[in-house]
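So the sequence shown is numbered by the working numbering: it starts at 268 and just counts up by one.
Take a look at the structure set out below.
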Amino acid sequence: MLEIKESFANSKTMPKVMVIGIGGGGNNAITRMIEKASDYVTYAALNTDSMTLDKCPATKRLQLGTKLTQGFGAGGDPTVGESAAKESEEDIAELVHDANMVILTCGMGGGTGTGAIPVVAQICKNLGILTVAVVTMPFSFESKPRVYAAQTGLKKLEQNIDTLLVIPNDKLLTITDKQFFLDEAFTLCDSVLRYTVEGITNIIFNHGTINLDFNDLRSTLKDKGYGLFGIGIASGDETIVDAVEKAISSQLLDTRITGASNILLNTSGRVDLVALNKAVSYIREQAGDNVNIFWGTVSGDPTSEEIVVTVIATGMKQVSTVQESSTPDPKEFASKVLVTPKEPTPQINPNLDFLKNAKQASGIPTVSTLQSKPKPMPVQLQIPEFLLHKPS
Numbered sequence: 268m269l270e271i272k273e274s275f276a277n278s279k280t281m282p283k284v285m286v287i288g289i290g291g292g293g294n295n296a297i298t299r300m301i302e303k304a305s306d307y308v309t310y311a312a313l314n315t316d317s318m319t320l321d322k323c324p325a326t327k328r329l330q331l332g333t334k335l336t337q338g339f340g341a342g343g344d345p346t347v348g349e350s351a352a353k354e355s356e357e358d359i360a361e362l363v364h365d366a367n368m369v370i371l372t373c374g375m376g377g378g379t380g381t382g383a384i385p386v387v388a389q390i391c392k393n394l395g396i397l398t399v400a401v402v403t404m405p406f407s408f409e410s411k412p413r414v415y416a417a418q419t420g421l422k423k424l425e426q427n428i429d430t431l432l433v434i435p436n437d438k439l440l441t442i443t444d445k446q447f448f449l450d451e452a453f454t455l456c457d458s459v460l461r462y463t464v465e466g467i468t469n470i471i472f473n474h475g476t477i478n479l480d481f482n483d484l485r486s487t488l489k490d491k492g493y494g495l496f497g498i499g500i501a502s503g504d505e506t507i508v509d510a511v512e513k514a515i516s517s518q519l520l521d522t523r524i525t526g527a528s529n530i531l532l533n534t535s536g537r538v539d540l541v542a543l544n545k546a547v548s549y550i551r552e553q554a555g556d557n558v559n560i561f562w563g564t565v566s567g568d569p570t571s572e573e574i575v576v577t578v579i580a581t582g583m584k585q586v587s588t589v590q591e592s593s594t595p596d597p598k599e600f601a602s603k604v605l606v607t608p609k610e611p612t613p614q615i616n617p618n619l620d621f622l623k624n625a626k627q628a629s630g631i632p633t634v635s636t637l638q639s640k641p642k643p644m645p646v647q648l649q650i651p652e653f654l655l656h657k658p659s
């Protein structure tokens, strides 16, 4: 049964964007996004597990496969998740029918998310909705069947999605030298999904000197396959070229922009034309001469000298995340992830120890009030260091 709460995302003058979290990982990501929700975005949660679904504060919630699973979950079986989604096809279509863009998110490898997300994506695509998926791949330690299920589900999703952003959880081991508990590792996975989705939606609703509108985003994402999302910050003696280099060198993605067909570049802060020309030339060197670049800029904090760059690249041909990846060194994993804490684990704080050095990046507005013609306002967005660049 489809449960709907009142939503603020109802302006006829704005693109209707819906973010849907599917399964346990997707529901967790939605819960974190709602902590800093945008009034322009509708948040929805889909699950076969009614207890988990009830805990999610999403604007809209849909239990999948009520007859098949009776609300007890998919039991880790993607075929059950797929069948449950097909049972609920009409409800899913009703949920998304008036959206202009849908962003799907889940953790691949489980039953509901892995099995249902290709079905949901196909429904959205059949309705002519711009459909993007942001998914994480399981840690290698999570057993070969789970990794295989994730890879199989990813191949199905490829066929029914406009743009697919894939984040391998194993990459989390490369972004910090500190130890962290297993539950903190999964909390970080949720945070990665959250910040990636927020970065995309912020581009849509930014209004600056040179705007990137929804059709620019559609041109970048429509039927483009695998994509890359990154944020880079330049400060001090650094230039916009440094920020761009950081943005396209994400430690969390296997994808590189070589061969990209479209790149969307959004800048914030004081950028001179000479430096901008160098940045665009650098992007062309990395992606190729045939890349189509969309550029926009928004006003940042006038008191800040930072330059913030957001990059979305699509159309890359070769992506290693769908292939069998080598298992990380068990000693490396054991040295960083503590499965059993030595003392009772306190309640997880989203601001983990290794996120304390996150920069306060000014100039990427997050919309807090609904208005037909938003005015540009410098708003601070806390961007974790792991989304920016790993220090050399």
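Where is the CB? At the ideal position from N, CA and C, for every residue including glycine.
Assuming the contact rule is C-beta atoms closer than 8 Å, residue i and residue j should be a hit. Round their C-beta distance to whole Å, please.
{"i": "residue 403", "j": "residue 374", "result": "5 Å"}
{"i": "residue 511", "j": "residue 536", "result": "Actually they are not in contact, since the Cβ atoms of residue 511 and residue 536 sit about 13 Å apart, beyond 8 Å."}
{"i": "residue 387", "j": "residue 313", "result": "7 Å"}
{"i": "residue 421", "j": "residue 439", "result": "Residue 421 to residue 439, Cβ: 18 Å. No contact."}
Please tell me whether residue i and residue j are closer than 8 Å, where the distance is taken between their beta carbons.
{"i": "residue 340", "j": "residue 381", "result": "no"}
{"i": "residue 399", "j": "residue 467", "result": "yes"}
{"i": "residue 663", "j": "residue 534", "result": "Since the displayed the chain opens at 268 and closes at 659, residue 663 lies outside it and no answer follows."}
{"i": "residue 301", "j": "residue 325", "result": "yes"}
{"i": "residue 502", "j": "residue 299", "result": "no"}
{"i": "residue 401", "j": "residue 372", "result": "yes"}
{"i": "residue 583", "j": "residue 530", "result": "no"}
{"i": "residue 397", "j": "residue 485", "result": "yes"}
{"i": "residue 317", "j": "residue 335", "result": "no"}
{"i": "residue 319", "j": "residue 293", "result": "no"}
{"i": "residue 581", "j": "residue 527", "result": "yes"}
{"i": "residue 472", "j": "residue 310", "result": "no"}
{"i": "residue 500", "j": "residue 572", "result": "no"}
Buried or exposed for residue i, please, with buried defined as at least 16 other CB atoms from any protein chain shown within 10 angstroms of its CB.
{"i": "residue 424", "result": "buried"}
{"i": "residue 295", "result": "buried"}
{"i": "residue 497", "result": "buried"}
{"i": "residue 552", "result": "exposed"}
{"i": "residue 437", "result": "buried"}
{"i": "residue 427", "result": "buried"}
{"i": "residue 491", "result": "buried"}
{"i": "residue 469", "result": "buried"}
Rounded to a whole number of angstroms, what is the C-alpha to C-alpha distance between residue i and residue j?
{"i": "residue 346", "j": "residue 362", "result": "22 Å"}
{"i": "residue 578", "j": "residue 331", "result": "35 Å"}
{"i": "residue 558", "j": "residue 322", "result": "44 Å"}
{"i": "residue 414", "j": "residue 342", "result": "16 Å"}
{"i": "residue 411", "j": "residue 516", "result": "29 Å"}
{"i": "residue 383", "j": "residue 513", "result": "34 Å"}
{"i": "residue 543", "j": "residue 550", "result": "11 Å"}
{"i": "residue 355", "j": "residue 344", "result": "17 Å"}
{"i": "residue 508", "j": "residue 541", "result": "11 Å"}
{"i": "residue 479", "j": "residue 337", "result": "45 Å"}
{"i": "residue 538", "j": "residue 561", "result": "16 Å"}
{"i": "residue 379", "j": "residue 289", "result": "7 Å"}
{"i": "residue 449", "j": "residue 408", "result": "11 Å"}
{"i": "residue 392", "j": "residue 556", "result": "30 Å"}
Is it a yes or a no for the region 364–371 touching the region 281–288, going by three-plus beta-carbon pairs under 8 Å?
yes
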